[in-house]
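Numbering (this note's numbering), first residue to last: 71 to 356.
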């Protein structure tokens, strides 16, 4: 294994799955978990996701080789401020956040010299929450996006990418801004839409909902606080995505007002054609 002593800061679905995946490959690695609630950390320990736990983030990272930020993105600044004094030179910090510009900037500002940050976004998850939903195979065959900058230490980048590969992930690289711009289209906007579709449907229509509606709105069951932070952190790019969608909705609305069958069908056909390519390209990072 690339790292033998790790700290997982936030032992929920993603953090717990990291621990379970590592333990399935190497019983010798030592994992310290951090969280707010001792009860949840005890569950994580019983499940085998962590070896030990603490509710003190600075204590959690003492002596670790790799610290992984797995809290909601809105908590990253507070966590980085608390762990920075406890990190020794050579320690590597990464994250699993769904936005990248802010955490890269925070790490550059808050981490001490000699401590290396590498932004990561493993594209794996579930609408389920908590360490009880964690799985050792959550990351297998999924895509991980790393977001190096000109200031990223090349050796640390290689180690972090090796770490994700050891969990079975495929890799691609993007700049932090490109990451946030593109993920607004394919992750953040879809979550917003799923949530708004549920709210838009008439209550009396819900008993009639079929598999299509359930599939389309599945991700609306995700953690509201986590997604609030993501939306606000990436609000500039998300608003651009919303504007593009609004233009498409207006195009459809105007075609319906004119009873323009040709435009309605052309929109649906273009979408079907693009959707057909997803099985080939989705999750490849190419």
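Heads up, the beta-carbon is just placed ideally off N, CA and C, and yes, glycines get one too.
What is the residue span of the alpha helix (DSSP H) that residue 249 lies within?
-> Here the question's residue 249 lines up with position 179 in the chain shown. It spans 246-253 - the alpha helix (DSSP H) in which residue 249 sits, taken as one unbroken run.
How is residue 295 classed by DSSP in three states: helix, strand or coil?
-> As a working mapping, residue 295 is identified with position 225 in the chain shown. DSSP places residue 295 in helix when its eight states are reduced to three.
Around the C-beta of residue 170, are 16 or more other C-beta atoms found within 10 angstroms, so that it is buried, or is it exposed?
-> If you number the chain shown from 1, residue 170 lands on position 100. It counts as buried.
Count the CB pairs spanning the region 250-265 and the region 298-313 that are closer than 8 Å, and state whether there are at least three.
-> With three or more CB-CB distances shorter than 8 Å, the region 250-265 counts as touching the region 298-313.
Roughly how many whole angstroms lie between the Cα atoms of residue 199 and residue 228?
-> As a first step, residue 199 must be located in the chain shown, where it is residue number 129. As a first step, residue 228 must be located in the chain shown, where it is residue number 158. Roughly 30 Å separates the two Cα atoms.
Is residue 124 helix, strand or coil when you go by DSSP?
-> Counting from 1 along the chain shown, the entry for residue 124 is found at position 54. Reduced to three states, the DSSP call for residue 124 is strand.
Is it the case that the Cβ atoms of residue 110 and residue 201 are separated by a distance below 9 Å?
-> Here residue 110 corresponds to residue number 40 of the chain shown, with the count starting at 1. Here residue 201 corresponds to residue number 131 of the chain shown, with the count starting at 1. Going by C-beta atoms, residue 110 is nearer than 9 Å to residue 201.
Starting from the C-beta of residue 337, find all residues in its chain whose C-beta is less than 8 Å away, skip the five residues before and the five after it, and write them out in chain order.
-> As a first step, residue 337 is located in the chain shown; it is residue number 267 there, counting from the start. Only 318, 321, 322, 325 meet the Cβ criterion.
Close beta carbons around residue 87, own chain, < 6 Å, minus the five adjacent residues each side = Numbered from its first residue, the chain shown carries residue 87 at position 17. Only 204, 205, 208 meet the Cβ criterion.
Taking C-beta to C-beta, are residue 150 and residue 117 nearer than 9 Å?
-> Mapped onto the chain shown, residue 150 falls at position 80. Mapped onto the chain shown, residue 117 falls at position 47. Note that the C-beta distance between residue 150 and residue 117 is not below 9 Å.
Limits of the unbroken alpha helix (DSSP H) element including residue 287 | One-based indexing of the chain shown puts residue 287 at position 217. Here the alpha helix (DSSP H) through residue 287 covers 281-287.
Should residue 134 and residue 75 be called a contact, given that it needs their Cβ atoms to be closer than 9 Å?
-> For this step, residue 134 is matched to residue 64 along the chain shown. For this step, residue 75 is matched to residue 5 along the chain shown. With respect to the 9 Å criterion, residue 134 and residue 75 are classified as neighbours on the basis of their beta carbons.
Output the boundary residues of the alpha helix (DSSP H) element that contains residue 258.
-> Stepping through the chain shown from its first residue, residue 258 is reached at position 188. No residue range can be given for residue 258, since it is assigned to no alpha helix (DSSP H) and is classified by DSSP as neither H nor E.
Where residue 170 falls: helix, strand or coil (DSSP) | In the chain shown, residue 170 corresponds to position 100, counting from 1. The three-state reading of DSSP puts residue 170 in coil, since its state is none of H, G, I, E or B.
Cβ separation of residue 119 and residue 144, assumed to be a contact under 8 Å, to the nearest whole Å = Indexing the chain shown from 1 puts residue 119 at position 49. Indexing the chain shown from 1 puts residue 144 at position 74. About 23 Å separates the CB atoms of residue 119 and residue 144; that is not less than 8 Å, and the two are not in contact.
When DSSP builds the beta bridges, which residues end up paired with residue 312?
-> As a working mapping, residue 312 is identified with position 242 in the chain shown. When DSSP reads this structure, residue 312 sits in no beta bridge, so it has no partner.
Continuous alpha helix (DSSP H) stretch holding residue 95: start and end | Here residue 95 corresponds to residue number 25 of the chain shown, with the count starting at 1. Unbroken alpha helix (DSSP H) run through residue 95: 83-95.
Using only alpha-carbon positions, find the residue among 91, 156, 106 that is nearest to residue 99.
-> Start at 1 with the first residue of the chain shown, and residue 99 comes out as number 29. Here the closest residue by C-alpha is 91.
Length of the line joining the Cα atoms of residue 103 and residue 84 = Walking along the chain shown from the start, residue 103 turns up at place 33. Walking along the chain shown from the start, residue 84 turns up at place 14. Each residue's Cα considered, the two are about 12 Å apart.
Pick from 278, 73, 191 that is closest to residue 239, judged by C-alpha positions | The residue given as residue 239 occupies position 169 in the chain shown. Ranking the options by Cα distance to residue 239, first place goes to 191.
Collapsed DSSP secondary structure at residue 106 in the structure displayed = Your numbering for residue 106 matches position 36 in the chain shown. The answer is coil: DSSP assigns residue 106 none of H, G, I, E or B.
Who does residue 162 pair with in a DSSP beta bridge?
-> As a position in the chain shown, residue 162 is number 92, starting the count at 1. Partner(s): 136, 186.
Give the range of the beta strand (DSSP E) segment to which residue 75 is assigned.
-> Within the chain shown, numbered from 1, the residue matching residue 75 stands at position 5. First-last of the beta strand (DSSP E) with residue 75: 75-79.
In whole angstroms, what is the alpha-carbon distance linking residue 187 and residue 219?
-> The residue labelled residue 187 in the question sits at position 117 within the chain shown. The residue labelled residue 219 in the question sits at position 149 within the chain shown. Near 10 Å, if we compare the C-alpha coordinates of residue 219 and residue 187.
Since residue 311 contacts residue 352 with CB under 8 Å, what's their CB separation in whole angstroms?
-> To locate residue 311, count along the chain shown from 1; it is residue 241. To locate residue 352, count along the chain shown from 1; it is residue 282. Wrong, their Cβ atoms sit about 17 Å apart, outside the cutoff.
Return the chain-ordered list of same chain residues with a C-beta closer than 6 Å to the C-beta of residue 193, the five sequence neighbours on each side being excluded.
-> Counted from its first residue, the chain shown places residue 193 at position 123. Within the same chain, Cβ atoms closer than 6 Å to the Cβ of residue 193 are found at 212, 213, the five residues on either side in sequence being excluded.
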